[in-house]
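Q:
2 protein chains.
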Amino acid sequence: MQKQVVNLGLAGFGTVGTGLARIIQENRDWIKRRLGKELNVLKILIRDPEKKRSFIPAPETRLTTDLEELVHDPQVDIVVELMGGVDTAYEVISRALREKKHVVTANKALLAEKGNELFSLAREHQAGLYYEASVAGGIPIVQTLKESLSGDRIISLTGILNGTANFILSEMTRKELSFESALQAAKDLGYAEADPSLDIDGHDAAHKLVVLIRLAYGLDYPLNLLPVEGIAGINAMDIAMAGELGYRLKLIAQVRDESGNLQAGVFPALMSREHILAKVDGPFNSILIHGNAVGQVMLYGQGAGDLPTGSAVLADIMALARDDAVPNNTGFLEKVLPRADLVNTELSVCRHYFRFIAQDKPGVLAAVAGVMSEHDISIAQAVQKQELPGEGGGVPIVFLTHKAGLQAVRKALKIIDGFEFVNAPAVHYCILD
Amino acid sequence: MQKQVVNLGLAGFGTVGTGLARIIQENRDWIKRRLGKELNVLKILIRDPEKKRSFIPAPETRLTTDLEELVHDPQVDIVVELMGGVDTAYEVISRALREKKHVVTANKALLAEKGNELFSLAREHQAGLYYEASVAGGIPIVQTLKESLSGDRIISLTGILNGTANFILSEMTRKELSFESALQAAKDLGYAEADPSLDIDGHDAAHKLVVLIRLAYGLDYPLNLLPVEGIAGINAMDIAMAGELGYRLKLIAQVRDESGNLQAGVFPALMSREHILAKVDGPFNSILIHGNAVGQVMLYGQGAGDLPTGSAVLADIMALARDDAVPNNTGFLEKVLPRADLVNTELSVCRHYFRFIAQDKPGVLAAVAGVMSEHDISIAQAVQKQELPGEGGGVPIVFLTHKAGLQAVRKALKIIDGFEFVNAPAVHYCILD
Chain A
176 MQKQVVNLGL AGFGTVGTGL ARIIQENRDW IKRRLGKELN VLKILIRDPE KKRSFIPAPE
236 TRLTTDLEEL VHDPQVDIVV ELMGGVDTAY EVISRALREK KHVVTANKAL LAEKGNELFS
296 LAREHQAGLY YEASVAGGIP IVQTLKESLS GDRIISLTGI LNGTANFILS EMTRKELSFE
356 SALQAAKDLG YAEADPSLDI DGHDAAHKLV VLIRLAYGLD YPLNLLPVEG IAGINAMDIA
416 MAGELGYRLK LIAQVRDESG NLQAGVFPAL MSREHILAKV DGPFNSILIH GNAVGQVMLY
476 GQGAGDLPTG SAVLADIMAL ARDDAVPNNT GFLEKVLPRA DLVNTELSVC RHYFRFIAQD
536 KPGVLAAVAG VMSEHDISIA QAVQKQELPG EGGGVPIVFL THKAGLQAVR KALKIIDGFE
596 FVNAPAVHYC ILD
Chain B
176 MQKQVVNLGL AGFGTVGTGL ARIIQENRDW IKRRLGKELN VLKILIRDPE KKRSFIPAPE
236 TRLTTDLEEL VHDPQVDIVV ELMGGVDTAY EVISRALREK KHVVTANKAL LAEKGNELFS
296 LAREHQAGLY YEASVAGGIP IVQTLKESLS GDRIISLTGI LNGTANFILS EMTRKELSFE
356 SALQAAKDLG YAEADPSLDI DGHDAAHKLV VLIRLAYGLD YPLNLLPVEG IAGINAMDIA
416 MAGELGYRLK LIAQVRDESG NLQAGVFPAL MSREHILAKV DGPFNSILIH GNAVGQVMLY
476 GQGAGDLPTG SAVLADIMAL ARDDAVPNNT GFLEKVLPRA DLVNTELSVC RHYFRFIAQD
536 KPGVLAAVAG VMSEHDISIA QAVQKQELPG EGGGVPIVFL THKAGLQAVR KALKIIDGFE
596 FVNAPAVHYC ILD
């Protein structure tokens, strides 16, 4: 852009929008030094004109409730979508792109659901559609996959992509809390929203994983086909057991290239406590990338918050404001990215953790081990604990296995869960290397 | 670049050069998919034409010992300098830039010593001078500082920038080895070169820190003014003591913005074992960036090796081959970056670790503590251990202090070292928060 003042139109002025405007004000001289231009928040699309606002970017900033005013204003150079949700955000972004305006967004849900359509639209109109803030807040994972590792074939990508879930699991580990108490602590500290379901059921991480898969492989992975499991059912007992055996339980988002087919999912998993990702505690995000040239690279930082997310939005704005080159939105040249070929998750292989509660009587261990053996599941370690207190009690039995296919595991568990001496269905997690 | 085949001229064909050529061959289809162009290793400048080579990029690749042939060939689009050293590399790069050729280099020593001159030259000829591989191998720290955090003011940057030194300290910690045994282990595993002095005396990390300071602040920090301390003198006793007190000893490269003045240095320091950098073990690199918007972001990975370094070189090549925009070499607009204002290191403040060996007699602890107190150094923790075995023995005494200025500390240590009951000069490290 040749202009000396680049005008921004913000759609949404909540936490991140306000944070962005504050950074632009606070770092004004710095931005000018690096960019040679000023950034000016010209217009803001808001929902509620009556709402009191603690911060207005400039006296001349105009607030509007009319979407048209934002996307059709010829003075607006870059539209910054920070409203969240899918429908209105889609309207804002698609219309801005049709007006050949650059767009910066933090909207992972929208990009996961309609990314292919929007990137194709951006391409058609030679507009930028940048989204560093959509995954892992201020961590520069989008730029890293799009540019820095563009020559690498990505073998796998393993992430802790939800800070709320990671905080809850960390608190359960460190303070031996129940899931409910840890969730309450997360709410008290502002790490979890009043309705934390997207965070704890894994769907927030799933949105981010679909965005990362597109960047790493140039492939469209349909969100509705991604296996997603959350952390709501996790029992403190399993975290303690895993800890005794040298493991940590983490909510993992992972994609692996299996001979050209993608195996992906969001799921709680055990990792050795020596694993670099297992050391990521609290409300942080982290992504471990394994490339065929670079080896292992990890990025770590705050995955949410007004300023970290605002920092990522600002980086995108500055990149678009600086360059006159054709924007590099996806990192790939295809107008429409092909659909990924998926691996049937049932065919996937990992080491496993099982925990049963069984009645304390002879033959139990032998019967369970027998079923494992019949299904070619080789046991690496077995621990039987003392009987649990209280009525119904039962003894916890934990098995760690060598690598075994998920299909065999499910069959074996079905049989074991049917034994009359087993008190409750088995708990089962993959162990990641 | 509009060309369908981008021709590379390699200066140097050692480990990294060969690694790069292998990645270009192995990932050829992938690179073409992302870039829409092919990369071709057209010419290689070598020192010894007689040397047997295990790998030649293509039948038509031409090897030459003549620098002119490389930098003046109109067919060469990008010169890739991987020869190391300062003098010939300077010749290659400066002449290529004058020919308006883009340059990619991994040469941290050259950029630390003559960066300002070379960036100014590149700017004058509108050529790219890219150097992702010069710091921390495949970790995308250059791109992150230049682009992703370009709107952030960097409060501090703290790095483990030398994998050899970090491996040695990790081995000393984990296996309770002496420095000499750990160095031998590093040599045996290929992590240390036959002459490891640049790695263990801190100068390799110093080169990298100067490159990072330029990227983070847009300032030229004269290499010869950077305080540099290595790990050669480190005693296993201090690593063990630090461990008992909950700390790890790391070779740290750090820069901090102190009200516009830069405080920088390379030095061994203690960090709490809960600190995310303290958890980085083995031959890895890691950089923790604290920005005024993004908060804390950490990047981690392999800091050396043919393929990781080759991956970073390849990313630079692809960025230059893709774009027609004016290259963004330093992340700043100034033709010559201003010189940094430096903080006098003697005025810097940190918590401290001291360890003395004193004779086991009454009044020793009181005398030492008295000197500390006279210099306003407040003691947070004191430990006196059992007498050491062997002749001369003596008892180790460790103090951890609250924050205190380095100047006061040096004065106090001078007095304490002069006491007749102190067997050897005090060992002293900063404790980083």
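So the protein sequences, as listed, match chains A and B.
Sequential numbering from 176 applies to the first sequence in our numbering.
Sequential numbering from 176 applies to the second sequence in our numbering.
Glycine included, C-beta positions come from ideal geometry on N, C-alpha and C.
Just so it is clear, the structure is predicted and the values come from calculations on it, not from any experiment.
What are the start and end residues of each continuous beta strand (DSSP E) run of 3 or more residues lying completely inside the region 232 to 260 of chain B, in chain order?
A: If we require 3 residues or more, the beta strand (DSSP E) runs fully inside the region 232 to 260 of chain B come out as 237 to 239, 253 to 256.
Q: State whether the region 307 to 326 of chain B contacts the region 483 to 499 of chain A, with contact taken as three or more CB pairs (one from each stretch) at a distance under 8 Å.
A: The region 307 to 326 of chain B, when compared against the region 483 to 499 of chain A, does touch it at the 8 Å Cβ threshold.
Q: Within the continuous alpha helix (DSSP H) that includes Tyr265(B), where are the two ends?
A: Here the alpha helix (DSSP H) through Tyr265(B) covers 262 to 273.
Q: For a cutoff of 9 Å on Cβ pairs, would you count Thr319(B) as touching chain A?
A: It does; some Cβ of chain A falls within 9 Å.
Q: Name the chain B residues that come within less than 9 Å of Asn202(A), Cβ to Cβ?
A: What Asn202(A) touches in chain B: Gly326, Asp327, Arg328, Asn467, Ala468.
Q: Scan the region 447 to 476 of chain B and note each continuous alpha helix (DSSP H) run of 4 residues or more that stays entirely inside, going in chain order.
A: Listed in chain order, there is nothing to give.
Q: Does DSSP put Tyr528(A) in a helix, a strand or coil?
A: Of the three classes helix, strand and coil, the one that applies to Tyr528(A) here is strand, per DSSP.
Q: What whole-angstrom Cβ distance do Ile375(A) and Gly405(A) have, given they're in contact under 8 Å?
A: Contact holds; Cβ gap of about 5 Å.
Q: Please go through the region 496 to 566 of chain B and give each complete alpha helix (DSSP H) segment of 4 or more residues, from N-terminal end onward.
A: Counting only runs of 4 or more, we get 539 to 549.
Q: Taking the alpha carbon of Gly568(A) as the point to measure from, which residue in Ile532(A), Ser295(A), Val441(A) has its own alpha carbon closest?
A: Among Ile532(A), Ser295(A), Val441(A), the Cα nearest to that of Gly568(A) belongs to Ile532(A).
Q: Leaving out five residues before and five after Ala439(B) in sequence, what residues of the same chain have Cβ atoms less than 7 Å from its Cβ?
A: Taken in chain order, the residues that qualify are Leu384, Ile388, Tyr396, Leu401, Gln429, Val430.
Q: Quick check on this structure: which residue in Arg585(A), Ala479(A), Leu452(A), Asn436(A) has the alpha carbon closest to the alpha carbon of Val518(A)?
A: The candidate whose alpha carbon is nearest that of Val518(A) is Asn436(A).
Q: Within 9 Å of any Cβ in chain A, is that where the Cβ of Glu521(B) sits?
A: Not one chain A Cβ lies under 9 Å of Glu521(B).
Q: Leu394(A) CB to nearest chain B CB: under 9 Å?
A: Chain B, which has no Cβ nearer than 9 Å to the Cβ of Leu394(A), makes this no.
Q: In this structure, what does DSSP give as the bridge partners for Lys425(B)?
A: Ala444(B).
Q: Please classify Arg298(B): does DSSP put it in a helix, a strand, or coil?
A: It is helical.
Q: Using the C-alpha atoms, what's the distance from Ser434(B) back to Thr576(B)?
A: Cα-Cα distance, rounded: 25 Å.
Q: State the beta-bridge partners of Tyr604(A) as determined by DSSP.
A: According to DSSP, which records beta bridges pairwise, Tyr604(A) is partnered with Tyr528(A).
Q: Rounded to the nearest angstrom, what separates Asn337(B) and Val191(A) at their Cα positions?
A: Asn337(B) and Val191(A): Cα-Cα distance of roughly 37 Å.
Q: Measure the beta-carbon distance from Gly313(B) to Gly194(A) and round it to whole angstroms, keeping in mind my assumption that it falls under 8 Å.
A: Going by Cβ atoms, the distance from Gly313(B) to Gly194(A) rounds to 31 Å, so no, they are not a contact pair.
Q: For Gly326(B), collect the residues of the same chain with a Cβ closer than 8 Å to its Cβ; drop the 5 residues on either side in sequence, then sort them by chain order.
A: Once the five neighbours on either side are set aside, the close Cβ partners of Gly326(B) are Ala468.
Q: Identify every run of the alpha helix (DSSP H) within the region 194 to 224 of chain A, keeping only runs that are complete inside it and at least 4 residues long; order them along the chain.
A: As far as the region 194 to 224 of chain A is concerned, its whole alpha helix (DSSP H) runs of at least 4 residues are 203 to 210.
Q: Could you tell me which of Ala308(B), Gln301(B), Ser353(B) sits nearest to Leu481(B), measuring between CA atoms?
A: Note that residue 481(B) is Asp in the sequence shown here, rather than Leu. Ranking Ala308(B), Gln301(B), Ser353(B) by Cα distance to Asp481(B) puts Ala308(B) first.
Q: Going along the region 540 to 568 of chain B in order, which residues come within less than 8 Å of chain A, judged by CB to CB distance?
A: Hits within the stretch: zero.
Q: At a CB-CB cut-off below 9 Å, which residues of chain B make contact with Val180(A)?
A: Correct list: empty, because the minimum Cβ distance to chain B is about 16 Å.
Q: Take Ala541(A) and list the residues in its own chain whose beta-carbon comes closer than 6 Å to its own, dropping the five residues that flank it on each side.
A: Correct list: empty, nothing qualifies.
Q: Using the Cβ count rule (16 or more neighbours within 10 Å means buried), how would you classify Val602(A)?
A: When all chains shown are included, Val602(A) counts as buried.
Q: Whole-angstrom Cβ separation of Tyr305(A) and Tyr475(B), contact assumed at under 8 Å?
A: Actually they are not in contact, since the Cβ atoms of Tyr305(A) and Tyr475(B) sit about 25 Å apart, beyond 8 Å.
Q: Please list, in chain order, the chain A residues whose beta carbon lies closer than 9 Å to that of Gln477(B).
A: By Cβ distance, chain A contributes Val469, Gly470, Gln471, Val472.
Q: Tell me whether Ala555(B) is buried or exposed, calling it buried when 16 or more other Cβ atoms sit within 10 Å of its Cβ.
A: The residue in question, Ala555(B), is exposed, as its Cβ has fewer than 16 Cβ neighbours within 10 Å.
Q: At a Cβ threshold of 9 Å, is Asn291(A) touching chain B?
A: Answer no: the Cβ-Cβ gap between Asn291(A) and chain B never drops below 9 Å.
Q: Compare the C-beta of Asn504(B) with all C-beta atoms of chain A and state if any pair is closer than 9 Å.
A: It does not; no Cβ of chain A falls within 9 Å.
Q: For chain B, check one thing: does any of its Cβ atoms lie closer than 9 Å to the Cβ of Pro402(A)?
A: Taking Cβ atoms only, chain B never reaches closer than 9 Å to Pro402(A), which makes this a no.
Q: Which whole-angstrom value describes the C-beta separation of Val573(B) and Met416(B), a residue pair presumed to lie in contact below a C-beta threshold of 8 Å?
A: Correct: roughly 5 Å between the Cβ atoms.
Q: Using a C-beta to C-beta distance shorter than 8 Å, which residues of chain A count as neighbours of Ser269(B)?
A: Residues of chain A passing the Cβ test: none, with the nearest at roughly 26 Å.
Q: Give me, in chain order, the residues of the same chain whose beta-carbon lies closer than 8 Å to that of Leu358(B); leave out the 5 immediate sequence neighbours on both sides.
A: Excluding sequence neighbours, Leu358(B) sits near Ile343, Ala367, Pro371, Ile375.
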